[in-house]
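Residue numbers (this note's numbering), protein chains in the order written: chain A, 1 to 375; chain B, 376 to 758.
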Amino acid sequence: MKQTEENTQDQEDLRLLRESARTLFDRAGGNDRARKLRDAGGRWSAGMITELAGAGVFGVAVPDENGGLGMGLAAAGVLAEEVGRVIAPEPIVATIGLTIGLLHRLCPDHGMLKKAIGGETVLATAWQERGPTGVAPGRSCRFAGGKLTGAKAWVSGAVGVEGYLVVAEGDDGAVLTYVEAGAAGLNVDGRRQADGSALGELSFSATPAELLAEGAAVEAALADAVSDTTALAAAELVGLSGRAFEIVLDYIKTREQFDKPIGAFQVIQHRATDLHVMQEVAQATVREALSWMDCAGTDAQARARLASRAKARAGVAAKKITRDAVQMHGAVGYTDEFDIGLFLNRALVLSAWLGDDTYHRRLWLDARDKEGAER
Amino acid sequence: MTDWNAMTDEDFRREVHQFFESEYPEELRHLPHRPTFAEVEHWHRKLHAKGWVAPAWPAEYGGMGLSAAKLLIFYEEQQRWGVNRGRDMGVQMVGPLIIKFGTQTQKDYWLPRILSCEDIWCQGYSEPGAGSDLANLRTRAEIDGDDFVINGQKIWTTMAHDATHIFMLVRTDPDAPKKQQGISFILAPMDQPGVEVRTIRTLAGETEFCEVFFDGARTPRENLVGELNKGWTMAKALLSFERIFIGSPSLAQNALGQLESFARGRGAFNDPVFRDRFAQAALDVEDHAALYARYADQLKRGETLGADVSMLKIWVTECFQRITELMIEAAGPDGGTIGPLQVGNVSVDVLASFYKARPTTIYGGSNEIQRNILSKAVLGLPG
């Protein structure tokens with residue numbers, strides 16, 4: 001019985017969190033704000049970062065003792081869904097999942113954690129590297145004698161931040177380092193994405209960096225932070241596809257052809273129903289995965305498998321829903337004037353980031369096989 | 376009398392599972408066809424002795440009196456262990472209607488006979504011109520003295536050739552302003568000159584479906600259940616629970632388990648294309664379960680399910696079909712072979728699974744009808 005009461009209380013907390021985040025984003029202008037910022041050059045709003053920090057957004061999944069709200073990933077997922085609904089351009093999921101995820105696990109006493117939770121500083125995390133055919137399997141960016149040399153790729157939120165967390169190879173395995181945005185020998189190249197944002201390609205040549213953490217803990221923390229971020233990106237996609245579906249549903253109820261709303265045609269009704277079912281399954285899956293990840297504790301393998309399951313489902317749903325939504329808008333769906341295209345473009349970027357559905361199905365099945373063999 | 380609802384879900388699940396595991400005959404597990412009563416009679420006797428024939432009925436009528444949440448667990452365990460539902464039309468369909476709308480005399484007479492399977496029931500709803508559009512039914516029942524006289528034809532009557540009685544929707548007022556009005560719910564004996572049963576051979580080569588012809592067949596007027604001309608509303612009132620049950624993940628989960636052992640035996644998991652398609656199917660099943668859990672929780676909180684629960688049926692039946700299609704692919708050149716295929720120590724009847732999956736998107740309201748319902752009742756689309 002106690003269990004049920006706690007669950008009910010948790011559900012109520014999440015509902016309140018969802019409501020306050022939605023109000024905050026709506027008051028700021030909803031997805032119109034995303035369009036304006038995109039047209040202004042693809043930056044995000046520092047004011048929004050401050051406002052979000054004031055609402056406790058960045059520390060939501062950080063344990064109480066490290067200065068967070070200690071509400072877990074399920075709560076972070078609620079926020080990520082709201083981010084997705086208004087396609088907010090701020091790097092919120094990357095900050096919660098990667099930057100703060102690494103800092104609170106590896107150096108909870110460093111002043112940077114408090115500043116990141118408080119929104120006083122925004123950092124981007126650089127951990128992947130580009131190989132000849134995609135993501136490089138190993139790490140060749142080196143940290144030695146207080147200096148970084150090498151390159152990093154696909155850095156979310158890389159343009160406009162005050163500094164970078166960089167995972168590199170030290171003398172004894174992985175290290176987490178910090179590099180200031182203006183540091184010597186640092187070059188940041190922003191590659192423009194479909195939604196107007198930029199993914200950073202960073203290169204370092206004897207760039208001064210501060211060592212934050214080293215040893216096996218870094219690999220473990222990175223794996224966990226990547227799992228978290230992957231699952232949160234899935235939640236962001238779920239919010240996005242949910243809103244995209246609302247938009248297209250509204251459109252087919254009002255757009256008239258042959259003297260009736262196009263939503264009165266059975267073929268449109270059935271397609272809309274399929275999208276709705278797809279969305280409901282995706283939402284249930286991602287929420288379940290996040291709350292199970294909260295329960296999985298230190299089982300990194302299980303958390304990674306759940307994250308892959310979430311991202312695979314959310315990716316399939318968001319791609320299908322945004323693309324079908326454009327089709328059901330007809331010609332105006334292909335114009336930039338209608339909002340639906342913003343959602344399609346954002347879905348493209350979020351699906352590809354941290355791996356698309358095919359990639360995550362592969363990881364999921366590999367993990368399932370492995371766990372089956374261990375049992 | 377045990378109060379099952381007072382048990383924790385876990386304890387109840389364990390108890391149900393243990394009974395099936397220790398008592399259910401191995402040779403009847405995952406039966407690929409619908410059995411005649413004779414085939415499952417010894418199992419029915421055990422169930423009857425245990426008092427478990429009618430899990431959903433109130434205890435005062437000889438049922439288990441399970442809450443919706445416990446009922447779901449019961450059925451989940453039943454399907455998981457591959458326990459055949461037996462000839463349960465009486466328990467599932469007639470009994471609840473009599474309990475809800477019948478007279479005391481009807482309850483006293485019919486309910487014990489349903490539990491003991493002294494009467495075996497079949498369902499006379501569909502007609503050649505009344506499938507998805509069920510309210511279009513034409514079979515007439517006219518009052519003649521103390522009897523109804525029945526003329527017309529029913530179809531897709533499952534196992535009618537092995538039934539003693541039929542419960543049916545019949546038209547009793549052909550002049551009613553709407554076709555949903557003027558329909559009544561009556562009970563009739565099968566063993567009489569005016570009733571003729573012909574079996575229909577299915578794609579799977581089985582003969583579980585029948586056509587039933589009525590030519591002046593008779594049934595006493597006291598076999599009307601509920602009010603005259605109110606049959607449509609009564610029949611619909613029963614469907615609420617049916618809608619989540621029909622969307623339960625078990626069938627697809629069982630099929631996925633079969634696909635996995637079969638495909639492993641066949642080495643299909645070395646093929647990256649097959650791996651992705653398997654992962655898609657497996658995630659379709661797992662993710663459906665997440666949505667299903669949401670509705671099961673609603674039932675546990677005592678809430679009534681809305682029309683949106685039909686999503687479960689659409690998703691899981693189509694997913695079930697894709698899984699059985701993958702089995703056929705994994706079978707390669709054996710994909711058209713009738714009967715069990717042996718792979719290592721596993722034996723899988725690929726075609727039986729395939730055939731079993733086909734009607735799931737048709738029965739219980741075809742998936743197209745479900746989409747119509749969802750688009751209007753849930754999405755609020757016009758027309």
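For glycine and all other residues, C-beta sits at the position ideal for the given N, C-alpha and C. As the structure is a prediction and not an experimental result, all values here were calculated from the model.
For Pro208 (chain A), the three-state DSSP class (helix, strand or coil): strand
7 Å Cβ cutoff met for Val391 (chain B) and Leu490 (chain B): no
Cα-Cα separation, Asn7 (chain A) to Glu288 (chain A): 13 Å
Chain A contacts made by the stretch 631 to 656 of chain B, where a contact means CB separation under 9 Å: Within the stretch 631 to 656 of chain B, Phe644, Pro647, Arg650, Asp651, Phe653, Ala654 and Gln655 place their CB atoms closer than 9 Å to a CB of chain A, listed in sequence order.
Pairwise C-alpha distance: Ala367 (chain A) and Val725 (chain B): Answer to the nearest angstrom: the Cα atoms are 27 Å apart.
Burial state of Ser140 (chain A), where buried means 16 or more other Cβ atoms lie within 10 Å: Its Cβ having fewer than 16 others within 10 Å, Ser140 (chain A) is exposed.
Per-residue DSSP class, three states only, for Leu756 (chain B): coil
Paired residues, beta bridge with Tyr178 (chain A) - DSSP: A:Leu165 and A:Glu210
Cut-off 7 Å between Cβ atoms - residues of its own chain near Met1 (chain A), not counting five sequence neighbours on either side: With a pLDDT of 34 at Met1 (chain A), under the threshold of 50, the predicted position of this residue should be treated as unreliable, though the coordinate-derived value follows. Around Met1 (chain A): no qualifying Cβ.
Where His408 (chain B) falls: helix, strand or coil (DSSP): coil
Distance between beta carbons of Leu79 (chain A) and Val57 (chain A), contact taken as under 8 Å: Right, the Cβ-Cβ distance comes to about 6 Å (below 8 Å), so this counts as a contact.
Proximal residues to Thr177 (chain A) (C-beta, below 7 Å), its chain only, five neighbours per side dropped: Phe143, Leu148, Val166, Ala168, Ala209, Glu210, Leu211 and Leu212
Min CB distance Ala272 (chain A) to chain B below 7 Å: yes
Chain A contacts made by the stretch 694 to 717 of chain B, where a contact means CB separation under 7 Å: Residues of the stretch 694 to 717 of chain B that bring their beta carbon within less than 7 Å of a beta carbon in chain A are absent altogether.
Assumed close pair Glu129 (chain A), Ala174 (chain A) - CB separation to whole angstroms, cut-off 8 Å: Glu129 (chain A) to Ala174 (chain A), Cβ: 13 Å. No contact.
Delimiting residues of the alpha helix (DSSP H) encompassing Met686 (chain B): Ser685 to Ala706
Exposure of Leu674 (chain B), with buried meaning 16 or more beta-carbon neighbours within 10 Å: Classification of Leu674 (chain B): buried, given that the 10 Å Cβ count is 16 or more.
Beta carbon proximity, Pro624 (chain B) to chain A, threshold 7 Å: no
Extent of the continuous alpha helix (DSSP H) run through Asp483 (chain B): Start and end: Gln479 to Ser491.
Burial state of Val332 (chain A), where buried means 16 or more other Cβ atoms lie within 10 Å: exposed
Near-chain B residues of the stretch 279 to 305 of chain A - C-beta to any C-beta below 7 Å: Residues are counted here when their Cβ sits less than 7 Å from a Cβ of chain B; for the stretch 279 to 305 of chain A these are Glu280, Val281, Ala284, Thr285 and Glu288, given in chain order.
Interface flag, Ala665 (chain B) vs chain A, CB-CB below 7 Å: Yes, Ala665 (chain B) lies at the interface with chain A (some Cβ there is under 7 Å from its Cβ).
Interface residues of the stretch 247 to 259 of chain A facing chain B [CB-CB below 9 Å]: Cβ contacts with chain B come from Leu249, Ile252 and Lys253.
Where the beta strand (DSSP E) through Trp432 (chain B) begins and ends: Run containing Trp432 (chain B): none; DSSP gives neither H nor E here.
C-alpha gap between Gln3 (chain A) and Ala314 (chain A), whole angstroms: Because the pLDDT of Gln3 (chain A) is 45, which lies under 50, any placement of that residue in the model is unreliable, and the question is left without a value.
Which of helix, strand or coil DSSP assigns to Phe338 (chain A): coil
Near-chain B residues of the stretch 149 to 178 of chain A - C-beta to any C-beta below 9 Å: none
Every unbroken beta strand (DSSP E) within the stretch 38 to 111 of chain A, with a cutoff of 3 residues, ordered by chain: none
Between the CA atoms of Ile575 (chain B) and Phe523 (chain B) - distance to the nearest angstrom: 27 Å
DSSP state of Arg313 (chain A) mapped onto helix, strand, coil: helix
With 16 other Cβ atoms within 10 Å as the buried cut-off, status of Gly145 (chain A): exposed
One or two residues paired with Leu381 (chain A) in a DSSP bridge: The first residue shown for chain A is 1 and the last is 375, placing residue 381 (chain A) beyond what the model contains.
Cutoff 7 Å: Asp662 (chain B) Cβ touching any chain A Cβ: yes
Below-7 Å beta-carbon distance, Leu186 (chain A) vs any chain D residue: Protein chains A and B are contained in the structure displayed, whereas chain D is not.
Nearest-angstrom beta carbon gap, Ala244 (chain A) and Ile340 (chain A) [assumed within contact, 8 Å]: With a Cβ gap of about 6 Å, Ile340 (chain A) and Ala244 (chain A) count as contacting.
Validate contact between the stretch 90 to 109 of chain A and the stretch 239 to 259 of chain A using beta carbons, cut 8 Å, 3 pairs: no
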